[in-house]
Every structure is written in C-alpha cells, then in structure tokens.
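Residue numbers (this note's numbering): 83 to 307.
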C-alpha cells in the first residue's frame, strides 16, 4: 500500500469502528449534553493518547517479529477474517435497523450545552482513556485489525505508521465531533436513516478490505514471498 492509501483506508476503518454504539459513544452523548461540543474532541484526545501508547508498545517490542513473512501472513489472515465478520455484521444490523443513535434523548441538549460551564480538560481526557480501556471491543480490535494494520504500515517505515495513526485518530475526531455537534444542536444534523446508511456503506467497505488483508497475507507474504 502507498502512504496515501494507508491513510485513506485507516480513516474509513477507524470511522466505521467509531460509529458503532459503545461506551465512548454513550459518554460523548452524555458529556456533550452537559458541556457542549468541546466534550467530543476532549474525549477523543484521551482515547488517542491511549491508542498512541498502545501503538508505541506494540512496535517497540514486536517490530522485529512483525516483519517476518509467516507472522505477517498470520496476522493479516486473522485480522482480515475478523474484518469481514465485523463488516458483514455492521452492514446487516444497519440494514435491518438494529443500530440506533439516540441523540435526541433527554430533552434539548443544546440548551444544556449553552449554559454549561467550561469542561475540565483533565477530567474529560481521563474519561476518554478510562472508557476506552473498559471496552472489551477496544482490545479485540487492536489485537486483530489494529495489529494487522500496524504490520502493513511498517512496510513503509515510520511514515507508514504515522499515516495509519493519523488517519485512524482523525476518523475518531471527525465522528465524535459530529456526534457532539448533533447533541448540542438537538440532533438535527444526523438522522437515524443517514446514520444507518453510512454504517451500511462502511460495513461493505470492511468486507472488501478484509478480503484484501487475506490476499495480502497469503499471496504476497507466503505464495509469492
């Protein structure tokens, strides 16, 4: 993959993962109702600090192992299979209306945001870290898809890894900022139908990318290695 493609696909994959309902999304809705738009980016800051530390830990101890063809192939196949499963599940649930984004609950969050005091940065950043750690899906994602992307990115060296992390964290920032803005604006900017449509498209993309991961692991690293 080129640097540009690593960045672009990392952004889409990160966006899809961020969009799925979970603890951080719930916290973003709650804190944005209390503190307004700025709660979203501050929570993502905490989330990003944790992810950056995790990437450093993975690459510092595993970089020498990850460049081996058989290890790269195994990670790519496992990550690709999980990616296909996750993408299919996301698209299926979105098309069947099983996922909802209840941004309008609790009255008019925009009014609350307008009167709230400036949020304490350390508190919201800390909540972003703690909430991410409490989510089992977070660990599963990094142990499979995330590790596969790190391996793939390392083929381009530090620039590839930087492109991967930048695309990933910008996806988180874009989504949770959008959610925070929707909550602060009483949910007028993101309807359930649009939300499910975006998820369906992203889920289909994940299935395709998962197939590429498996092809990359088997064909490029083993059969053609």
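No residue lacks a Cβ here, since even glycine has one placed at the ideal position from N, Cα and C.
None of the values given here were measured: they were computed from a predicted structure.
Take the Cβ of residue i as the centre, count every other Cβ of all protein chains shown within 10 Å, and call the residue buried at 16 or more, exposed below.
{"i": "residue 108", "result": "exposed"}
{"i": "residue 251", "result": "buried"}
{"i": "residue 106", "result": "buried"}
{"i": "residue 190", "result": "Note that residue 190 scores a pLDDT of 43, beneath 50, so its modelled location is shaky and nothing firm can be said."}
{"i": "residue 275", "result": "exposed"}
{"i": "residue 203", "result": "exposed"}
{"i": "residue 229", "result": "buried"}
{"i": "residue 110", "result": "buried"}
{"i": "residue 239", "result": "exposed"}
{"i": "residue 83", "result": "buried"}
{"i": "residue 133", "result": "buried"}
{"i": "residue 291", "result": "buried"}
{"i": "residue 180", "result": "exposed"}
{"i": "residue 150", "result": "exposed"}
{"i": "residue 273", "result": "exposed"}
{"i": "residue 279", "result": "exposed"}
{"i": "residue 261", "result": "buried"}
{"i": "residue 139", "result": "exposed"}
{"i": "residue 210", "result": "buried"}
{"i": "residue 206", "result": "buried"}
{"i": "residue 87", "result": "exposed"}
Give every residue of the same chain whose Cβ lies closer than 8 Å to the Cβ of residue i, excluding the five residues on either side of it in the sequence, and list them in chain order.
{"i": "residue 244", "result": "none"}
{"i": "residue 257", "result": "97, 100 and 101"}
{"i": "residue 259", "result": "119, 122, 123 and 126"}
If I measure Cβ to Cβ from residue i and keep anything under 7 Å in the same chain, skipping five residues before and after, which residues do I get?
{"i": "residue 208", "result": "128"}
{"i": "residue 224", "result": "136"}
{"i": "residue 248", "result": "89"}
{"i": "residue 220", "result": "214"}
{"i": "residue 176", "result": "278, 281, 282 and 285"}
{"i": "residue 253", "result": "93, 96, 97 and 100"}
{"i": "residue 226", "result": "160, 161 and 164"}
{"i": "residue 295", "result": "158, 161, 162, 165 and 230"}
Using a Cβ-Cβ cut-off of 6 Å (strictly less than) and excluding sequence neighbours within five positions of residue i, which residues of its own chain qualify?
{"i": "residue 311", "result": "Coverage of the chain is limited to positions 83 through 307, which leaves residue 311 absent and any answer about it impossible."}
{"i": "residue 113", "result": "121"}
{"i": "residue 195", "result": "Caution is warranted here: a pLDDT of 38 is assigned to residue 195, below 50, making its placement in the model unreliable, and the coordinate value is therefore given only provisionally. These residues qualify, in order along the chain: 118 and 266."}
{"i": "residue 178", "result": "none"}
{"i": "residue 246", "result": "88, 92, 231 and 235"}
{"i": "residue 143", "result": "none"}
On the premise that residue j lies in contact with residue i, defined as a C-beta separation below 8 Å, what is that separation, rounded to the nearest angstrom?
{"i": "residue 293", "j": "residue 166", "result": "7 Å"}
{"i": "residue 288", "j": "residue 169", "result": "3 Å"}
{"i": "residue 241", "j": "residue 85", "result": "6 Å"}
{"i": "residue 232", "j": "residue 154", "result": "Incorrect: roughly 11 Å between the Cβ atoms, too far for contact."}
**OP:** Tell me, please, whether the region 274-286 touches the region 91-110 by the rule of three or more beta-carbon pairs shorter than 8 Å.
**Re:** yes
Original post:
Counting pairs of Cβ atoms below 8 Å between the region 113-123 and the region 210-219, do you hit three or more?
Top reply: no
**OP:** Indicate whether the contact test is met: 3 or more Cβ pairs, each with one atom in the region 151-163 and one in the region 290-303, closer than 8 Å.
**Re:** yes
Subject >> Those runs of the alpha helix (DSSP H) which lie wholly inside the region 84-148 and span at least 4 residues >> reply: 85-101, 105-117 and 121-148
Original post:
Which runs of the alpha helix (DSSP H) spanning at least 4 residues fall entirely within the region 207-262, listed in chain order?
Top reply: 218-223 and 229-236
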